[in-house]
Amino acid sequence: MFTVMGWAATVLQALALGFVFVIGVCVALLVAFFIIDRTQTGDAIRRNYPVIGRFRHLFTALGEFFRQYFFAMDREEMPFNRAQRDWVARAAKGDSNTIAFGSTRNLTDVGTPIFANAPFPPLDDQFAATEPMVIGAGARTPYLASSVFNISGMSYGALSRPAVEALSKGAAEAGIWLNTGEGGLSPFHLEGGCDIVFQIGTAKYGVCNEDGTLNEARLAKIASHPEVKMFELKMAQGAKPGKGGILPAAKVSAEIAEIRGIPQGKASISPNRHVDIEDIDGLLDMIMRIRDVSGKPVGFKTVVGSLEPFENLLKRIKERGEDCAPDFITIDGGEGGTGASPMPLMDLVGMPIRESLPRMTTLMNEAGLRDRIRLIASGKLVNPGDVAWAIAAGADFVVSARGFMFSLGCIQAMKCNKNTCPTGITTHDPRLQKGLVVEDKYIKVANYAKGVIKDVETIAHSVGVAEPRQMRRKHVRIVQNDGSSRPMNEIYGGSL
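Take 1311 as the starting number for the sequence shown in the working numbering and just add one per residue.
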């Protein structure tokens, strides 16, 4: 008995000493933090309120987390709200996307599109799937694009290896194309055997000479891959028009450096424009040059800042002849996304897709080039309503990057530029990449694409047409300042 009591007393004494030690350490840390905060000169809050002032930084850092999971309503978050992300998540799993009790969307917000349902829509046996469309009929190897909804440019380097592999396999499963982004063609883009659009950014990664000009031999080698169907010359993107791509040094591994032709371990910043394209004629000459070398359709991606440059472009095409015209133009809205961009460019530069797309369609129609040049819409178009609106506004195709990131499991953690993405999508940390299982995610990529296309076709049938590309501006009404809505063809004119 005495032995047990002695042992208990010893334990209690050890616990007491341990408690005193912990308290002593805490007091010592508080004193150290007090001295550090009081003597430092970089932060006025910590200098005036030692120790306590540190909680401001903690709460600021945690604020984004708490808003996302506890305080923001389903339709409040930016850049994508919970309702949008949840739709993608359900579609990616192949689950039903039906809802109950009523819409949570405010249908009186200015700019909201409302589709005009037909009194006598097509019967079930009168429905039709979206027809394939030829791009670049005049090229040596035209491209018959089977899907109206495809994957926008995301580079290997900005994305992880398993993310690119899942996108490639998912694209092949769904029968859609995958844009490489400006980071060059990696083996992982080819992994699934899907159709590839090779994007040539301002740094011309993978097809450049040392002085930044185009290397035709490397271009021809890229074009020799049967999976590569088209080339997209990136002039600008919505999140950073007038600014080149940014790849942080932490992401430039030996493999990425080899694919891109850049130094390992150094941040890679593309020029703000192509060094060998100085005007409209230079752009048209480059398009013809790439098409001549590759034999495949060539277009360009840009952001509309004002209509005048595009009016001049279309006029010059008519003067030179339609053979010099791009086979497609990808219009990115100012709300487009990226992994890293200066805030002023992300927030303030470039016309939103909701305005630029219908205006560009009108310009091309008036110039008589609407059938010659295919129009691709990009920029925050992730749900079926967004895609259906874009097609009704005049797009032949819609591409999405962030929608497919959500299908991979993106939680909008906003860590794309820090190599700490918790879902393994935009990081090269092997520990974090383990969370992204390719064999699971590629199915979700395919399910998401199929889900969007199915629901876009449902909207088309609702407005009274057999398939999406038959939708016109008259089928969409836009909510105005007074709460009423007007048909889009009245707002932007034309019979499109």
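Backbone N, C-alpha and C fix where the C-beta goes; we use that ideal spot for every residue, glycine too. Bear in mind that the values here come from a model prediction, so they are computed numbers and not experimental data.
| message | Just to confirm the assignment, what range does the beta strand (DSSP E) spanning Ser1462 have? | response | Careful: Ser1462 lies outside any beta strand (DSSP E) and carries neither H nor E.
| query | So which of Gly1793, Tyr1359, Glu1441, Val1709 has the shortest CA-CA distance to Phe1344? | reply | Tyr1359
| said: To the nearest angstrom, how far is the alpha carbon of Asn1460 from that of Asn1416? | reply: 28 Å
| Gln1323 versus Val1337: straight-line alpha-carbon distance, rounded | 21 Å
| Bridge partner(s) assigned by DSSP for Gln1509 | According to DSSP, Gln1509 bridges with Glu1542.
| field | Any alpha helix (DSSP H) of 4 or more consecutive residues that is wholly inside the region 1737-1781 | value | 1740-1743, 1748-1772
| request: For Ala1702, count neighbouring Cβ atoms within 10 angstroms of its own Cβ and tell me buried if that reaches 16, exposed if not. | output: buried
| So, Asn1489 versus Gln1509, is the Cβ gap smaller than 7 Å? | yes
| query | In or out: Asp1347 buried (at least 16 other Cβ within 10 Å) or exposed? | reply | Here Asp1347 is buried: its Cβ has 16 or more other Cβ atoms, across all protein chains shown, within 10 Å.
| task | State the DSSP-derived secondary structure class of Pro1797, mapped to helix, strand or coil. | result | strand
| field | Inter-residue Cα distance where the pair is Ile1362 and Leu1746 | value | For Ile1362 and Leu1746, the distance between alpha carbons rounds to 39 Å.
| said: Considering only their Cβ atoms, is the gap separating Val1762 from Val1709 smaller than 7 Å? | reply: no
| task | Check whether the Cβ atoms of Asp1637 and Pro1607 lie closer than 7 Å to each other. | result | The beta carbons of Asp1637 and Pro1607 sit closer together than 7 Å.
| query | Looking at C-alpha atoms only, which residue of Gly1704, Ser1413, Phe1331, Lys1784 is the closest neighbour of Thr1672? | reply | Minimum Cα-Cα distance from Thr1672 among the listed residues Gly1704, Ser1413, Phe1331, Lys1784 corresponds to Gly1704.
| said: Can you tell me which residues form a DSSP beta bridge with Cys1518? | reply: Leu1524
| Looking at the unbroken beta strand (DSSP E) that takes in Asp1792, where does it start and where does it end? | Looking at the DSSP string, Asp1792 is not in any beta strand (DSSP E), and its letter there is neither H nor E.
| query | Under 7 Å, do Thr1262 and Pro1668 count as touching if we go by C-beta distance? | reply | Since the first residue shown for the chain is 1311 and the last is 1806, residue 1262 is missing from the structure and cannot be characterised.
| said: Taking the alpha helix (DSSP H) that Asp1595 belongs to, which residues open and close that run? | reply: Where Asp1595 is concerned, the enclosing alpha helix (DSSP H) stretches over 1590-1604.
| task | Could you tell me whether any Cβ in chain C is nearer than 7 Å to the Cβ of Val1398? | result | The structure shown contains no chain C; it holds only a single protein chain.
| Span separating the alpha-carbon of Asp1419 from that of Met1540 | 39 Å
| query | Just curious, the beta strand (DSSP E) that Phe1638 is in, first and last residue? | reply | 1638-1642
| task | Out of Ser1717, Val1773, Asp1586, Cys1731, state which residue places its alpha-carbon closest to the alpha-carbon of Gly1404. | result | Ser1717
| task | Measure the beta-carbon distance from Asn1622 to Ile1587 and round it to whole angstroms, keeping in mind my assumption that it falls under 8 Å. | result | About 15 Å separates the two Cβ atoms, so there is no contact after all.
| said: Need the endpoints of the alpha helix (DSSP H) that Pro1668 sits in, please. | reply: 1663-1676
| query | What does a CB cutoff of less than 8 Å around Asn1407 pick up in its chain, not counting 5 residues either side in sequence? | reply | Only Trp1397, Arg1400, Ala1401, Gly1761, Asp1765 meet the Cβ criterion.
| query | Could you give the distance in angstroms between the alpha-carbon of Asn1727 and the alpha-carbon of Ala1447? | reply | 39 Å
| task | Below 8 Å on the Cβ atoms is my guess for Ile1735 versus Ala1473; work out the distance and round it to an integer in Å. | result | 5 Å
| Residue closest to Arg1682, alpha-carbon to alpha-carbon, out of Ala1711, Ala1533, Asn1693, Gly1631 | Gly1631
| field | Bounding residues of the beta strand (DSSP E) (the contiguous stretch that carries Asn1489) | value | 1487-1489
| task | Tell me where the beta strand (DSSP E) around His1707 begins and ends. | result | One point to set straight first is that residue 1707 is Phe, not His, in the sequence displayed. Start and end: 1707-1710.
| In its own chain, which residues sit with a C-beta less than 6 Å from the C-beta of Phe1437, not counting the 5 before and 5 after it? | In chain order, His1771 place their CB closer than 6 Å to the CB of Phe1437, counting only its own chain and leaving out the 5 sequence neighbours on each side.
| task | Find the nearest neighbour of Thr1640 within the set Asp1706, Arg1395, Arg1528, Gly1485, judged by alpha-carbon distance. | result | When each option's Cα is compared against that of Thr1640, the closest is Asp1706.
| Under a Cβ-count criterion, where at least 16 other Cβ atoms within 10 Å of its own Cβ denotes burial, should Val1613 be classed as buried or exposed? | Buried is the call here.
| query | Is the beta carbon of Arg1583 sitting closer than 7 Å to the one on Thr1512? | reply | Pairing Arg1583 with Thr1512 gives a Cβ-Cβ distance under 7 Å.
| request: Starting from the C-beta of Ala1455, find all residues in its chain whose C-beta is less than 7 Å away, skip the five residues before and the five after it, and write them out in chain order. | output: Pro1442, Met1443, Ile1445, Trp1487, Phe1707
| field | Beta-carbon proximity check, Gly1522 vs Val1585, cutoff 7 Å | value | yes
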